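Counting from 3, one number per residue, gives the positions in the sequence shown under the UniProt record's numbering.
Heads up, the beta-carbon is just placed ideally off N, CA and C, and yes, glycines get one too.
Small disclaimer: the values here were computed from a predicted structure and weren't measured.
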Amino acid sequence: AGIQLTDPDLSARVAAGLGRVEDLLERELISEFSFVTEAASHLMHAGGKRFRPLFTLVAAGVGPRPDAEEVVVASAVVELIHLATLYHDDVMDEAQIRRGAKSANARWDNSIAILTGDFLFAHASRLVASLGEDAVRIIAETFAELVTGQTRETVGPGPDEDPIDHHLRVLDEKTASLIDTCARYAGIFSGAPEEHVLALRRYGRAVGVAFQISDDILDICSTDSGKTPGTDLREGVRTLPALYTLGDPAADPRLRELVAGPIRSETDLAEAVTLLTASPGMATARQTLSGYADAAAAELALLPDSSAKDALASLVRYVMDRTR
Ligand code: FPP
Ligand code: MG
Ligand code: MG
3 AGIQLTDPDL
13 SARVAAGLGR
23 VEDLLERELI
33 SEFSFVTEAA
43 SHLMHAGGKR
53 FRPLFTLVAA
63 GVGPRPDAEE
73 VVVASAVVEL
83 IHLATLYHDD
93 VMDEAQIRRG
103 AKSANARWDN
113 SIAILTGDFL
123 FAHASRLVAS
133 LGEDAVRIIA
143 ETFAELVTGQ
153 TRETVGPGPD
163 EDPIDHHLRV
173 LDEKTASLID
183 TCARYAGIFS
193 GAPEEHVLAL
203 RRYGRAVGVA
213 FQISDDILDI
223 CSTDSGKTPG
233 TDLREGVRTL
243 PALYTLGDPA
253 ADPRLRELVA
263 GPIRSETDLA
273 EAVTLLTASP
283 GMATARQTLS
293 GYADAAAAEL
303 ALLPDSSAKD
313 ALASLVRYVM
323 DRTR
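Structure, rendered in C-alpha cells:
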C-alpha cells in the first residue's frame, strides 16, 4: 500500500499487528441482525488496503514500545472509523462502486448503508473507550473534523473564498485529519516523546493531503489500463488541476470551457483529459504536491533514525512516484 518495509523485524512486527487488527475487526462485525453483519462485512472484506492500520503500526516504530497492545487496538479503531465514513460517503455521493465491489447503498439501499455506518461508528466508539479518556477525546475531535470537511465540501467555497484554499482545506479535514490521528495514536501509545509525536502528526497531515492530491492528478493522468482517465471531470468534480485552470484567466479557453463543464460526450472528455494533462494547471498541481511531500519529509528529519522512519520516508516517495 505504498509503504516499503525493508527491515525484516519491522516487517514481522507489522504483519503480526495487522493479523491482530483483523481479529479485532472481525469481532466488531457481529450484530443481532444478520443483514447488518453482512453489510458491515461487505466493505471490510472487499479488499481495502488497511492503509490506516498499517500506517499506525509502522509509525509506532518511532517510539520505544511499538509492540504495545494499545497500538493494535488504536489501529483497529481508525479502520472502523474510516469504514463507517465510507458507507455514509457513498450514500451522499450516490456511489455505485467501492473497492471494486458494489457499494452498500447500491447492493442494498441507503437505509442499510446508513445504519451500517452508524453500527461501525458505534463499535469503534466502544473499542476506543478501552484506550482511555484521551483517546476518546482525540477520536471525537477527529470525527468532528471529518464531518466538517464533508460539510465544507458539500457547501462549496464561499463567495470570497479562494476555491483552491477551499479544496485543500477539505482534503486536510476529510482525509489528513484521520492520518494525523493515526500518527498521534502511534506516537502516544508507543511512548514517543511529545516533540516526536508532534512531528509525526505534522508528517501525517502533509502526507495525507499529498496522497489526496496525487489521487486528483492520477484521475487525469492515470496510465494504468482498464481505468478510464477523467472520472472526476466526467462527474463534474473539480480537482486541483481543474481548479488551477479555472483560476487562471490566461489558460487555454477551450480547456477552461471543458473544465467548467458539464462534459457532454466521450469526445469532450478525451479532449479535456489530453489538454489538462499537458496544462500549466497540471504543472502547478504537481508543484503543490511536491510542496506537501517536501513538508512531510522535513518533519521526518526531526525524528531519530529508525527502520520505521525509513518506511515512512518510502511512503512520501511512493506518493510522488505514483503520479510520474
Ligand atoms: C471520502 O471522500 C470521504 C471521506 C474520507 C470522509 C467522509 C466523512 C463523513 C461521511 C462524515 C460522516 C460519517 C459518519 C459515519 C457519521 P471522497 O468521496 O472524495 O472519496 P472516495 O473517492 O473514496 O469516495
Ligand atoms: Mg465518495
Ligand atoms: Mg465524498
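- In this structure, the beta-carbon distance from ALA48 to ARG128 does not fall below 8 Å.
- Shortest Cα-Cα distance from PRO68 to any of ASP95, GLU40, GLY189, GLU175 involves GLY189.
- Exclusion of ASP221 from the 7 Å shell around ligand 3 follows from its C-beta lying no nearer than that to any non-hydrogen atom of the ligand.
- When the beta-carbon positions are compared, ILE5 and ALA295 stay at least 8 Å from each other.
- By DSSP's assignment, ALA103 forms a beta bridge with ARG100.
- Look at LEU148: its beta carbon is less than 7 Å from one of the heavy atoms in ligand 1.
- Collapsing the DSSP output to three states places LEU304 in coil.
- A contact between stretches requires three or more CB pairs, one per stretch, nearer than 8 Å, and the region 253-264 meets this requirement with the region 279-299.
- Of the other Cβ atoms in all chains shown, 16 or more fall within 10 Å of the Cβ of MET46; this residue is therefore buried.
- Within the same chain, VAL172 come within 6 Å of ARG154 by CB-CB distance, once the 5 residues on both sides are set aside.
- Counting along the chain, the unbroken alpha helix (DSSP H) around SER13 starts and ends at 10-29.
- A contact between stretches requires three or more CB pairs, one per stretch, nearer than 8 Å, and the region 35-44 meets this requirement with the region 107-118.
- Look at ILE5 here: in three-state DSSP terms it is coil, with no helix or strand label.
- Linking ARG319 to SER36 through their CA atoms gives a straight-line distance of about 43 Å.
- With contact defined as three or more Cβ pairs closer than 8 Å, the region 300-313 and the region 254-273 are not in contact.
- In the displayed model, THR156 falls within a helix according to three-state DSSP.
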